[in-house]
Amino acid sequence: MWRVGIDTGGTFTDVVAVRSGEVRTGKVPSTPAHFDDGVINAIDAVGLRPDDILLLAHGTTVTTNAIITKSGARTGLITTKGFRDVLELRRHNRGEIYDILWDPPEPLVPRRLRLEIAERIDYAGETVVPVAEEEVEAALVRLRDEGVESLAVCFLHSYQNPEHEELLKDIVRRTWPELYVSISSELLREPQEFERTSTTVVNAYVGPVLASYVERLGRRLKDSGFEGRLMLMHSGGGLLPAESVLAVPARTITSGPAAGAMAAEGFSSSGAPAAGAMAAEGVAAATEITQLISLDMGGTSADIAVVRDGQVLLINEYQPEFGLPIRFPAVDLVTIGAGGGSIAWVDAAGTPRVGPQSAGAIPGPASYQRGGTEATVTDANLLLGRLSQETALAGGLELDWEAARRAVQRFAARVGLSVEAASLGIIDIVNSNMAKAIRVLTVERGLDPRKFVLLPFGGAGPMHACELADQLSIREILVPIAPGVTSALGTLFVDVVHDLARSHIARLDRVESDEVETGFEQLEDQANQALERDQVANERRRIERSLDLRYLGQIKTLNIPVPSTRFTSDELREAGQCFLQEYERHYHYVTEDIPIELSSVRVRGRGLQDRPQLPPHPRTPQPEPLSHREVQFRDILSRTPVYARDQLGPGIRLAGPLIVEQLDSTVVVPDQWDLSVDEYGNLKLTKVQ
172 MWRVGIDTGG
182 TFTDVVAVRS
192 GEVRTGKVPS
202 TPAHFDDGVI
212 NAIDAVGLRP
222 DDILLLAHGT
232 TVTTNAIITK
242 SGARTGLITT
252 KGFRDVLELR
262 RHNRGEIYDI
272 LWDPPEPLVP
282 RRLRLEIAER
292 IDYAGETVVP
302 VAEEEVEAAL
312 VRLRDEGVES
322 LAVCFLHSYQ
332 NPEHEELLKD
342 IVRRTWPELY
352 VSISSELLRE
362 PQEFERTSTT
372 VVNAYVGPVL
382 ASYVERLGRR
392 LKDSGFEGRL
402 MLMHSGGGLL
412 PAESVLAVPA
422 RTITSGPAAG
432 AMAAEGFSSS
442 GAPAAGAMAA
452 EGVAAATEIT
462 QLISLDMGGT
472 SADIAVVRDG
482 QVLLINEYQP
492 EFGLPIRFPA
502 VDLVTIGAGG
512 GSIAWVDAAG
522 TPRVGPQSAG
532 AIPGPASYQR
542 GGTEATVTDA
552 NLLLGRLSQE
562 TALAGGLELD
572 WEAARRAVQR
582 FAARVGLSVE
592 AASLGIIDIV
602 NSNMAKAIRV
612 LTVERGLDPR
622 KFVLLPFGGA
632 GPMHACELAD
642 QLSIREILVP
652 IAPGVTSALG
662 TLFVDVVHDL
672 ARSHIARLDR
682 VESDEVETGF
692 EQLEDQANQA
702 LERDQVANER
712 RRIERSLDLR
722 YLGQIKTLNI
732 PVPSTRFTSD
742 ELREAGQCFL
752 QEYERHYHYV
762 TEDIPIELSS
772 VRVRGRGLQD
782 RPQLPPHPRT
792 PQPEPLSHRE
802 VQFRDILSRT
812 PVYARDQLGP
822 GIRLAGPLIV
832 EQLDSTVVVP
842 DQWDLSVDEY
852 GNLKLTKVQ
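Note that the numbering used here has the sequence shown beginning at 172, numbered continuously upward.
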């Protein structure tokens, strides 16, 4: 039976199928109107039937698109009296500090659909004002009349006592059973009122959308004979069975990018080091390169993450847009609108721009011959010779040079440049946009990008890697063996992961270790129950513990791992010392004069998955170029050799300029860069000077 990983992007849907050392890969155009069509087409593209599949691991953009396009369910919010405007008050910060005309995005729930209930639980979890059921029923009638499809419930201090939220949910189940309901006490047992409300609202907003998609995809798979397990990638770098993820749909907002940035722990030690080269954390383990900048550049966006000391950083909160925090653990990454389909345009001041608008899968770049007329990054690469009309592309796409020229010529006329100069300018702008995003994750955090290796993947990443590295003074690049489908492959090398947390606020020097141990044990029981529902055997379960610590008086915390044994006063002291070390590492400043405060206890329940074994990369004789073509680089027009990726085995060395083509991606190597192939089949690009 096959294990299949599928990642749905804005432009392409990528697929990797693995069985007993056999690997099949493919890319098909995404189908935004019905993303399940793209999944079915991807399975067909690698010559499989659904009844051949044991596991289907899926990275999806369904919830991402719902947030971006504001196409989620019509959502209502019921909250404590006096707190209906929490979503608009936010944190009183601004997205554009110096723009006095800037307006924040509208909340996902308009004010008329945010209703208040006169209930109250105090900070200690004691009931002050009970819930009046008739008031709840009246609120539900009003929301029903407004056409609400989903409901978020967030009461003050429900993280301490969920009784009122659970009562309201019971009333909904009795009076309006078809309504999708999301209550904060089931999602987030932490006190931050705005973040808790925002997370609950996002969960309710995307819940019906994801449920509809999963139900439709599951039905189509089952009708075709699928009897395996459908699992979805979540933002925290793990998988959840489809039936489990429907309770926490907000966890899938960065589903696909997380798959590309992170592979499971122990990836290389499982006997499949070549597989470890397929995702950022796995590459770090397999190649002993511990400092990596991961660049996943697809057709619509570029997702950037940093692997430091061999680990992808997880954060406890992220924002898909300003003022919309989601407080779930997630891979720390930056996403910008920079992909092959990013559109070149001119703003009101006459300045040329590229992205974030994208031609997407439909109509796509002008060269795709699907109705696109705007100049895109792909069109510029084609005119510069970095792509060719003869290049075999995944999905059976054929590029039209004349269509690309017409599109870029219109853009060039608006900025007063030649077609060639405009094409180079488009590439420069998109590279500069990506360089700026990389600096956000490195320079602005005190990290020197020159000390990192760039790991480009996605269909477009390896085309831009060398010029991008030059902008950042990075001297080494590692291109994985199947860059165009790395995110899809990454879904096959991660575990089932449940993240649970509970607020526990106390000064570290006054907290009782037994109280912390009790909190851990309660969360571990919940994690084991969740893994039990997911059919994970006891011997396949791993529980990881951590604490959120901060200086007294601060809001932001640092997550400190602790041993998964009985928590004692020794572990408590050691956690405090680790916090000081991590604080200095993050902020380059530390003091022992301010008390340390415990904020939350956390548990990550991991259900270990079998890793598919990938075949070793075979050695090859010294290759001959498939062809030569004229390629415009920054300073020279060069007659450049073109090689096939499958002809480049371990030990091969070549000097740029050259181009390496494969079905899922193209690697562009300019002058003053050398190429070598390591034992795993990765391409190592090294700056000569």
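The beta-carbon is built from N, C-alpha and C at its ideal position, and this holds for glycine as well.
Along the chain, where does the alpha helix (DSSP H) containing residue i start, and where does it finish?
{"i": "residue 748", "result": "740-758"}
{"i": "residue 335", "result": "334-346"}
{"i": "residue 695", "result": "684-704"}
{"i": "residue 235", "result": "233-239"}
{"i": "residue 776", "result": "Looking at the DSSP string, residue 776 is not in any alpha helix (DSSP H); the run it does join, the beta strand (DSSP E), is 767-778."}
{"i": "residue 331", "result": "Taken as a continuous stretch (DSSP letters only), residue 331 belongs to no alpha helix (DSSP H), as it is neither H nor E."}
{"i": "residue 242", "result": "Residue 242 -> no alpha helix (DSSP H), and no H or E assigned at all."}
{"i": "residue 307", "result": "304-316"}
{"i": "residue 661", "result": "657-661"}
Go ahead and pull the three-state DSSP assignment for residue i.
{"i": "residue 172", "result": "coil"}
{"i": "residue 732", "result": "strand"}
{"i": "residue 171", "result": "Residue coverage of the chain in this structure runs from 172 to 860, which leaves residue 171 outside it and unanswerable."}
{"i": "residue 283", "result": "helix"}
{"i": "residue 594", "result": "helix"}
{"i": "residue 248", "result": "strand"}
{"i": "residue 185", "result": "strand"}
{"i": "residue 671", "result": "strand"}
{"i": "residue 424", "result": "coil"}
{"i": "residue 851", "result": "coil"}
{"i": "residue 789", "result": "coil"}
What does a CB cutoff of less than 8 Å around residue i pick up in its chain, not counting 5 residues either side in sequence?
{"i": "residue 346", "result": "308, 311"}
{"i": "residue 517", "result": "523, 524, 582, 585, 586"}
{"i": "residue 370", "result": "355, 358, 359, 421, 496, 497, 498, 499"}
{"i": "residue 374", "result": "323, 353, 358, 419, 420, 421"}
{"i": "residue 485", "result": "407, 408, 500, 501, 502, 503, 730"}
{"i": "residue 209", "result": "179, 184, 199, 200, 201, 202"}
{"i": "residue 889", "result": "With the chain covering only 172 through 860, there is no way to say anything about residue 889."}
{"i": "residue 411", "result": "402, 403, 405, 419, 422, 667, 668, 669, 705"}
What number of angstroms, rounded off, separates the C-alpha of residue i from the C-alpha of residue j?
{"i": "residue 599", "j": "residue 224", "result": "43 Å"}
{"i": "residue 750", "j": "residue 359", "result": "23 Å"}
{"i": "residue 578", "j": "residue 538", "result": "9 Å"}
{"i": "residue 232", "j": "residue 246", "result": "20 Å"}
{"i": "residue 841", "j": "residue 226", "result": "41 Å"}
{"i": "residue 342", "j": "residue 415", "result": "23 Å"}
{"i": "residue 422", "j": "residue 324", "result": "18 Å"}
{"i": "residue 746", "j": "residue 288", "result": "41 Å"}
{"i": "residue 848", "j": "residue 855", "result": "6 Å"}
{"i": "residue 752", "j": "residue 314", "result": "50 Å"}
{"i": "residue 424", "j": "residue 736", "result": "33 Å"}
{"i": "residue 636", "j": "residue 519", "result": "31 Å"}
{"i": "residue 230", "j": "residue 501", "result": "14 Å"}
{"i": "residue 552", "j": "residue 429", "result": "27 Å"}
What does DSSP give as the partner residue(s) for residue i in the beta ladder?
{"i": "residue 857", "result": "647, 845"}
{"i": "residue 836", "result": "833"}
{"i": "residue 409", "result": "405"}
{"i": "residue 803", "result": "808"}
Let's see if you can read the secondary structure: which residues bound the beta strand (DSSP E) around residue i?
{"i": "residue 268", "result": "It is not in any beta strand (DSSP E) - residue 268 carries neither H nor E in the DSSP assignment."}
{"i": "residue 465", "result": "463-468"}
{"i": "residue 224", "result": "224-230"}
{"i": "residue 193", "result": "193-200"}
{"i": "residue 379", "result": "Run containing residue 379: none in the beta strand (DSSP E); it sits in the alpha helix (DSSP H), 364-394."}
{"i": "residue 474", "result": "473-479"}
{"i": "residue 580", "result": "Careful: residue 580 lies outside any beta strand (DSSP E), inside the alpha helix (DSSP H) at 572-586."}
{"i": "residue 551", "result": "That residue, residue 551, is in no beta strand (DSSP E); its alpha helix (DSSP H) goes 548-554."}
{"i": "residue 507", "result": "504-507"}
{"i": "residue 538", "result": "Run containing residue 538: none; DSSP gives neither H nor E here."}
Got a sec? Which residues, its chain only, sit under 6 Å from residue i by beta carbon, not counting five neighbours each side?
{"i": "residue 187", "result": "176, 196, 656, 659, 660"}
{"i": "residue 633", "result": "627, 650, 654, 836, 838"}
{"i": "residue 758", "result": "none"}
{"i": "residue 641", "result": "none"}
{"i": "residue 172", "result": "225"}
{"i": "residue 190", "result": "173"}
Within a Cβ cutoff of 7 Å, which residues of the same chain sit near residue i, ignoring the five residues on either side of it in sequence?
{"i": "residue 859", "result": "843, 844, 845"}
{"i": "residue 678", "result": "723, 766, 768"}
{"i": "residue 714", "result": "695, 698, 735, 774, 776"}
{"i": "residue 800", "result": "556, 559, 811, 813"}
{"i": "residue 295", "result": "331"}
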